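2 protein chains.
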Amino acid sequence: MELQRFLPYQLVVLADAVSRSIAQVYAERFDLSRDEWRVLAALAKTGTMKSRDAALYATLDKMQVSRAVAGLERAGLLTRTIDPEDRRNRILELTASGRELLRKLVPMVEAREAFLLEALAPEERAQLQSMIGRLTERAQQLERHG
Amino acid sequence: MELQRFLPYQLVVLADAVSRSIAQVYAERFDLSRDEWRVLAALAKTGTMKSRDAALYATLDKMQVSRAVAGLERAGLLTRTIDPEDRRNRILELTASGRELLRKLVPMVEAREAFLLEALAPEERAQLQSMIGRLTERAQQLERHG
DNA sequence: TATTGTTATACTCTATAACTATA
DNA sequence: TATAGTTATAGAGTATAACAATA
Numbered sequence: 074m075e076l077q078r079f080l081p082y083q084l085v086v087l088a089d090a091v092s093r094s095i096a097q098v099y100a101e102r103f104d105l106s107r108d109e110w111r112v113l114a115a116l117a118k119t120g121t122m123k124s125r126d127a128a129l130y131a132t133l134d135k136m137q138v139s140r141a142v143a144g145l146e147r148a149g150l151l152t153r154t155i156d157p158e159d160r161r162n163r164i165l166e167l168t169a170s171g172r173e174l175l176r177k178l179v180p181m182v183e184a185r186e187a188f189l190l191e192a193l194a195p196e197e198r199a200q201l202q203s204m205i206g207r208l209t210e211r212a213q214q215l216e217r218h219g
Numbered sequence: 074m075e076l077q078r079f080l081p082y083q084l085v086v087l088a089d090a091v092s093r094s095i096a097q098v099y100a101e102r103f104d105l106s107r108d109e110w111r112v113l114a115a116l117a118k119t120g121t122m123k124s125r126d127a128a129l130y131a132t133l134d135k136m137q138v139s140r141a142v143a144g145l146e147r148a149g150l151l152t153r154t155i156d157p158e159d160r161r162n163r164i165l166e167l168t169a170s171g172r173e174l175l176r177k178l179v180p181m182v183e184a185r186e187a188f189l190l191e192a193l194a195p196e197e198r199a200q201l202q203s204m205i206g207r208l209t210e211r212a213q214q215l216e217r218h219g
C-alpha cells in the first residue's frame, strides 16, 4: 500500500485543492457557502428552476437545497414561490441582484478553471472529461453495492 | 456557466463518490475516521514514521495528525514514543494489531481501486496519473496566490 | 401512501489560536 | 525565536429523522 499512488487519495487531494481555490472566489469575495454557490450556478443558465431539479442538477440533497435557498433568499439573490401546478414544489428564480452577482462571479471562477486547464493539451481535456465520467459512474456503483 | 461541465464541480463529484466508496471500508467495517485511515496508510509501507512526516506524507495538518494518532493509540493500533534525537518529535509505530488490521483492510480498498480502474484502458491510467499531478500542482498555485 | 420541502437534533469536522516542551 | 505537538473553542457542515403540506 502506497498512499501517494492510491487513486482515491490522489483524487481527493486534487479535488480539495481545486475546491479551495474556487471557494476563495465564492466564499471570500461573495460570502457564499459551497451549497449556495452550487444552487446559484444551477440557476445560472435559465435563471429559474424547481428546488427538486436544483438538487438533482447540483448533486445536493433536499435539505442542503432548502438551507442554501433560505440563505440566498435572505440575501436577496433569488425568490422562492409555490408552483401553482403542484403546490408541493418551490420555483426558484434569480433576482436582478442574483444575476448581477453571477455576472461578476462566473468570469472569475471560469478564469480559475481556464488556468487549471492550461496544464492539459486540448486532446487531454477531452480524454479527462471522458475518464471522469466513467470513473464517477463506477464509483457510484461501488457506493450503492456497499 | 454550466455546472455539469465545470471541471472543479466534476472533480468534486467524482472525488466525493470515490471517497464514500472507500470510507465504506475503513469507516463502516473498521471504525476508523478518514484521518486515522490516512495515518495508518502512511505507516503501511515501513511501519514507522515521525508525526511530522506522516502529516506531510498524508496531506494532513499537525492537529489532524495529533487527533488521529490519539485515536489510533487508544485503539491499540500504534504506539507513540518520544524521539531521543529531538525530544519534540513523536515516533509512530504500528503495533501487531495495527499491522493485522492493515493486512485485512488494504486488500479491500485496493480491490475497490481496481474496480474503478477497470473503467480505464492501461494507457489511460498513466495519462490520468500524469494529468492529476499537473492539475494538483496548478490548483495549489491558485490557492497560494489567492 | 408517496413526494416536496422544512425544521430539529446530535454529531463530526474545521479553522484558529493559545499553549507546552523542546531546540 | 522557531518548531513539534497538544488542547480549547467556536463555527460550519453532515446525517438522520420527524414533521407539515400536498398529491
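Residue numbers (the numbering used here), protein chains in the order written: chain A, 74 to 219; chain B, 74 to 219. Note that beta-carbon positions come from the ideal geometry of N, C-alpha and C, so glycine has one too. None of these values were measured; they are calculated from a predicted model.
Listed by chain order, chain A residues near residue i by CB distance under 7 Å
i      : result
B:A212 : L87, A90, V91, S94 and L189
B:T132 : V86
B:L201 : M204
B:K123 : Here the premise fails: no neighbours, minimum Cβ distance about 16 Å.
B:V142 : Chain A residues near B:V142: none, gap ~16 Å exceeds 7 Å.
Terminal residues of the beta strand (DSSP E) in which residue i lies
i      : result
B:E166 : R163 to L167
A:I150 : The displayed chain sequence assigns Leu, not Ile, to residue 150 of chain A. A:L150 -> no beta strand (DSSP E), and no H or E assigned at all.
B:T132 : No beta strand (DSSP E) contains B:T132, which DSSP labels as neither H nor E.
B:M122 : T121 to K123
Residue nearest to residue i in terms of C-alpha spacing, selected from the options
i      : options                           : result
A:A184 : A:P81, A:Q97 and A:Q83            : A:Q97
B:I205 : B:L76, B:A141, B:L84 and B:F103   : B:L84
A:E210 : B:S203, B:A143 and B:E191         : B:E191
A:L129 : B:R198, B:L76, B:E216 and B:L215  : B:L76
A:E173 : A:V138, A:A114, A:L201 and A:G144 : A:A114
B:F79  : A:E216, A:L201 and A:G219         : A:L201
B:E197 : A:F188, A:R207 and A:L189         : A:R207
8 Å Cβ cut-off: residues of chain A touching residue i
i      : result
B:A192 : M204, R207, L208, E210 and R211
Buried or exposed by the 16-neighbour rule on C-beta atoms within 10 Å, applied to residue i
i      : result
A:G149 : exposed
B:P170 : For clarity, residue 170 of chain B is Ser in the given sequence; the question names Pro instead. Exposed.
B:S203 : exposed
A:A199 : exposed
A:P81  : buried
B:A88  : buried
Residue range of the alpha helix (DSSP H) that includes residue i
i      : result
A:R207 : P195 to R217
B:R93  : L80 to A96
B:E109 : R107 to L116
Contact list for residue i against chain B, beta-carbon separation under 8 Å
i      : result
A:R185 : P81 and L215
A:R111 : L76 and Y82
A:E197 : Q200 and M204
Closer than 7 Å: residue i CB and nearest the ligand MN heavy atom
i     : result
A:L76 : For the ligand MN, the structure offers nothing, since it holds no ligand at all.
Segment contact flag, the region 119-126 of chain B with the region 92-99 of chain B, C-beta cutoff 8 Å, min 3 pairs: no
Contact the region 131-148 of chain A vs the region 106-114 of chain A: 3+ CB pairs below 8 Å: yes
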